[in-house]
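Worksheet: the structure to be examined is printed underneath.
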Amino acid sequence: MAVIADRCPEIEVTVVDLNQARIDAWNDADLSRLPVYEPGLDAVVGRARGRNLQFSTAVEESIAAADMVFISVNTPTKTKGLGAGQASDLRWVEACARTVAEAATGHTIVVEKSTLPVRTAAAIQTILEAAQRDDRGRSFTVLSNPEFLAEGTAIGDLEAPDRVLIGGDDAGSIDALAQIYGNWVPAERILRTNLWSSELSKLTANAFLAQRISSINSIAAFCEATGADVREVARAIGTDSRIGPKFLQAGPGFGGSCFQKDILNLVYLCRHFGLPEVADYWESVVALNTWQQHRISRLVVEKLFGTVTGKRLAVLGFAFKADTNDTREAPAIRICRDLLEEGAQLAIHDPKVSSTQIARDLQIEASPHTDALSGTGNWAMADTIEQAVVGADAVLILTEWTHYRSLNWQALGDLMRRPAWVFDARAVADPQQVKASGLNLWRVGDGEG
Ligand SMILES: NC(=O)c1ccc[n+]([C@@H]2O[C@H](COP(=O)([O-])OP(=O)(O)OC[C@H]3O[C@@H](n4cnc5c(N)ncnc54)[C@H](O)[C@@H]3O)[C@@H](O)[C@H]2O)c1
């Protein structure tokens, strides 16, 4: 929405949320304190906020004034009831549809921006049609406009999208939305489909992307077993124009709020529509991802003489990927939980993630300081990499922050207890430098390591 406001100064954009603290943070005068860390977002918000971009909790008033409403609320995996663990929880989307049905005036175009199961638009339409039958002379159309941005590169993705997808059956409404994007997106990149294809395309895109990560991670494990190097294999297959070079980096598996949730949702829908084989196929992508994370924690324990109980381990990176402060489904969560379960003391460093967030993810309060770590199964936030590493038996690199690519392994190695290990789950450290410092090295997908 900030990018739309930035690119279309003549359009008034109001972002509303029920969460007062979040809205306050979006209105913070200090742009470095916006609730989402995303490179370039502060500049975009800085240009548009107060001009044609407002952040507010006045939900009903803003809907009443709007010609177009984007529903962009969370759609997490259901935790209980029918479809628990797989289906998307649509309670927030339904609540929004009901609020729009109540508060809208005149003709309103309702845009599904959240990622939704196929045929959700039908439910939204039914709620809005019921509202249309009252005597207030209102009317609604529903469009699907899924968001393909990736966290960490969101601003670039939005400013120069590969494509914008608009699904719907009302040509006038589709044109109205296409016109907004047309302010900066070339017409040939604005794709039009029916509602159901649009909804399904988003789930399919995420399923294909996640599948590539699981595929390369399965080959990484095979490389480790056979003496091959997954980076060489990735280069060799990625130069095949039919395969392409992207999304072939082996690592600790995918994270983020979307991939797992969207695949499980697809799995649930396939079972629902009587396609169990298709469901099993996609479910295995998630199973492989979970396995990869447990595999990494298991091999850390194995290399450290079969026990990490009471041992200090430094964890570099907690965000699910670089350039974001998002930790939802981060591989670090599962790996750290496994190691805490094994009794390790973890000193965790991340340039953007707060210790409050990590405590929530690990469901264990932080110790006050890395110096105070003692006993088993506890963790503390390290303000610096040196603080994380001092006295550690191993360093685990779990997020590919740029800074972790150029660490001085000689100096860090001197702070560690020997024999010491580096477990590089992102393959970002220079292997020669690590080995020259007398440290043992495990790199994902490296059969020579
Ligand atoms: N994060 C991503 O990179 C990304 C990318 C593409 C698509 N999506 C999809 O976008 C949707 C939102 O994702 P997110 O990461 O921004 O989620 P989020 O949980 O960070 O944000 C959702 C916001 O909606 C607010 N909200 C909930 N119910 C509301 C209501 N009835 N009225 C007003 N506000 C309400 C919440 O307070 C919260 O601030 C999801 O469907 C997700 O799958 C996310």
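For the sequence shown, the working numbering gives the first residue as 339, with consecutive numbering after it.
Just so it is clear, CB atoms sit at the ideal spot from N, CA and C, and this is done for glycine as well.
Let me know the secondary structure DSSP gives G505 once reduced to three states. Position 167 of the sequence shown, counting from 1, holds the residue named residue 505. DSSP places G505 within a strand segment (E or B) once states are collapsed to three.
Measuring from the CB of S483, is there a heavy atom of ligand 1 at a distance below 8 angstroms? Counted from its first residue, the sequence shown places residue 483 at position 145. It is worth fixing the name first, because residue 483 is Asn in this sequence and not Ser. Proximity of the beta carbon of N483 to ligand 1 is not indicated: no heavy atom of the ligand is located closer than 8 angstroms.
Would you mind listing the alpha helix (DSSP H) stretches within the region 449 to 537 that are 4+ residues and don't spill past its ends, in chain order? Correct list: 458 to 470, 492 to 497 and 509 to 519.
Helix or strand or just coil, what does DSSP make of D721? On the sequence shown, position 383 is the one that residue 721 refers to. Correct three-state label for D721: coil.
Got a sec, what are the start and stop residues for the alpha helix (DSSP H) D362 sits in? Position 24 of the sequence shown, counting from 1, holds the residue named residue 362. Where D362 is concerned, the enclosing alpha helix (DSSP H) stretches over Q358 to W364.
9 angstroms Cβ cutoff met for I409 and A435: Within the sequence shown, numbered from 1, the residue matching residue 409 stands at position 71. Within the sequence shown, numbered from 1, the residue matching residue 435 stands at position 97. Yes. Within cutoff.
Of the residues K584, I601, A525 and E679, which one's Cα is nearest the Cα of T647? Residue 647 sits at position 309 when you count from the first residue of the sequence shown. If we check each option's Cα against that of T647, E679 comes out closest.
Pop quiz: L745 and A763 are said to be a contact at Cβ under 8 angstroms. What is the actual Cβ separation, rounded to whole angstroms? Translated into positions along the sequence shown, residue 745 becomes position 407. Translated into positions along the sequence shown, residue 763 becomes position 425. Rounded, the Cβ-Cβ distance is 15 angstroms, inconsistent with contact.
Return the CA-CA distance between Q748 and A730, expressed in angstroms with no decimal places. Translated into the one-based positions of the sequence shown, residue 748 becomes position 410. Translated into the one-based positions of the sequence shown, residue 730 becomes position 392. The alpha-carbon atoms of Q748 and A730 are separated by roughly 14 angstroms.
Inter-residue spacing [alpha-carbon to alpha-carbon] between A652 and V727: Here residue 652 refers to the residue found at position 314 of the sequence shown. Here residue 727 refers to the residue found at position 389 of the sequence shown. The alpha-carbon atoms of A652 and V727 are separated by roughly 5 angstroms.
Per DSSP, cross-strand counterpart(s) of L547: Working through the sequence shown from its first residue, we reach residue 547 at position 209. None; L547 has no bridge partner.
Could you name the residues of the same chain whose beta carbon sits closer than 6 angstroms to that of W620, not counting the 5 residues immediately before and after it, in chain order? Numbered from its first residue, the sequence shown carries residue 620 at position 282. Excluding residues within five positions, the ones whose Cβ falls inside 6 angstroms are A545, I601, L604 and V605.
I'd like to know whether the C-beta atoms of E738 and K690 end up nearer to each other than 9 angstroms. Position 400 of the sequence shown, counted from the first residue, corresponds to residue 738. Position 352 of the sequence shown, counted from the first residue, corresponds to residue 690. Not in contact: E738 and K690 (Cβ atoms no closer than 9 angstroms).
So, do the region 564 to 574 and the region 623 to 640 have three or more beta carbon pairs nearer to each other than 8 angstroms? Output reads no: the region 623 to 640 does not touch the region 564 to 574.
Figure out for me which residue from S370, R360, G715 and G594 has the closest Cα to the Cα of A488. Along the sequence shown, read from residue 1 onward, the residue named residue 488 stands at position 150. Residue G594 holds the alpha-carbon nearest to the alpha-carbon of A488 among S370, R360, G715 and G594.
Flag this pair as yes or no: are the beta carbons of A340 and V351 separated by less than 9 angstroms? Against the sequence shown, residue 340 aligns to sequence position 2. Against the sequence shown, residue 351 aligns to sequence position 13. In contact: A340 and V351 (Cβ atoms closer than 9 angstroms).
Can S452 be considered in contact with ligand 1, in the sense that its beta carbon sits closer than 8 angstroms to one or more heavy atoms? Translated into the one-based positions of the sequence shown, residue 452 becomes position 114. Yes.
For a quick check, are the C-beta atoms of D344 and R371 less than 9 angstroms apart? Translated into positions along the sequence shown, residue 344 becomes position 6. Translated into positions along the sequence shown, residue 371 becomes position 33. In this structure, D344 keeps its C-beta atom at 9 angstroms or more from the C-beta atom of R371.
State the start and end residues of the unbroken alpha helix (DSSP H) segment that holds T437. Taking the sequence shown and counting its residues from 1, the one referred to as residue 437 is at position 99. Note, T437: alpha helix (DSSP H), R429 to A441.
Proximity winner among A718, D661, G520 and F656, relative to A682 (alpha-carbon distances): Along the sequence shown, one-based indexing puts residue 682 at 344. A682 has its Cα closest to that of A718, out of A718, D661, G520 and F656.
Residue burial classification, Q549 (beta-carbon count within 10 angstroms, cutoff 16): Reading the sequence shown from its first residue, position 211 is the one you call residue 549. Result: buried.
So is the beta-carbon of F486 under 8 angstroms away from any non-hydrogen atom of ligand 1? Residue numbering aside, residue 486 sits at position 148 when the sequence shown is read from its first letter. Answer for F486: yes, Cβ within range of ligand 1.
Would L454 and S477 be called neighbours here (beta carbons separated by less than 9 angstroms)? By one-based count along the sequence shown, residue 454 stands at place 116. By one-based count along the sequence shown, residue 477 stands at place 139. Using a Cβ distance threshold of 9 angstroms, L454 and S477 do not count as a contacting pair.
What are the boundary residues of the beta strand (DSSP E) that includes R371? Here residue 371 refers to the residue found at position 33 of the sequence shown. Premise fails: R371 is in no beta strand (DSSP E) and is neither H nor E.
Would you be able to state if there are at least three C-beta pairs under 8 angstroms between the region 402 to 417 and the region 434 to 452? yes
Flag K599 as yes when its Cβ comes closer than 8 angstroms to any non-hydrogen atom of ligand 1, and as no otherwise. For this step, residue 599 is matched to residue 261 along the sequence shown. Flag set: Cβ of K599 near ligand 1.
Spatial neighbours of V307 in its chain, beta-carbon cut-off 6 angstroms, leaving aside the 5 residues before and after: Absent from the structure is residue 307, since the part of the chain shown begins at 339 and ends at 787.
Distance check for I673 and G715, CA to CA, integer angstroms please. On the sequence shown, residue 715 is found 377 positions in, with the first residue counted as 1. On the sequence shown, residue 673 is found 335 positions in, with the first residue counted as 1. In this structure, the straight-line span from the alpha carbon of G715 to that of I673 is close to 13 angstroms.
Give the DSSP bridge partners of I409, in chain order. What you label residue 409 is simply residue 71 of the sequence shown in a count that begins at 1. According to DSSP, I409 bridges with E450.
Count the other C-beta atoms from every protein chain shown that fall within 10 angstroms of the C-beta of D688, then say buried if there are 16 or more, exposed otherwise. What you label residue 688 is simply residue 350 of the sequence shown in a count that begins at 1. Buried.
Distance, Cα to Cα, G589 vs T662? For the purposes of this step, residue 589 is taken as the residue at position 251 of the sequence shown. For the purposes of this step, residue 662 is taken as the residue at position 324 of the sequence shown. Taking the straight line joining both Cα atoms gives about 17 angstroms.
Counting only the same chain and skipping the five closest in sequence on each side, list residues whose C-beta sits under 6 angstroms from that of F597. The residue you call residue 597 lines up with position 259 of the sequence shown. Taken in chain order, the residues that qualify are N544 and A548.
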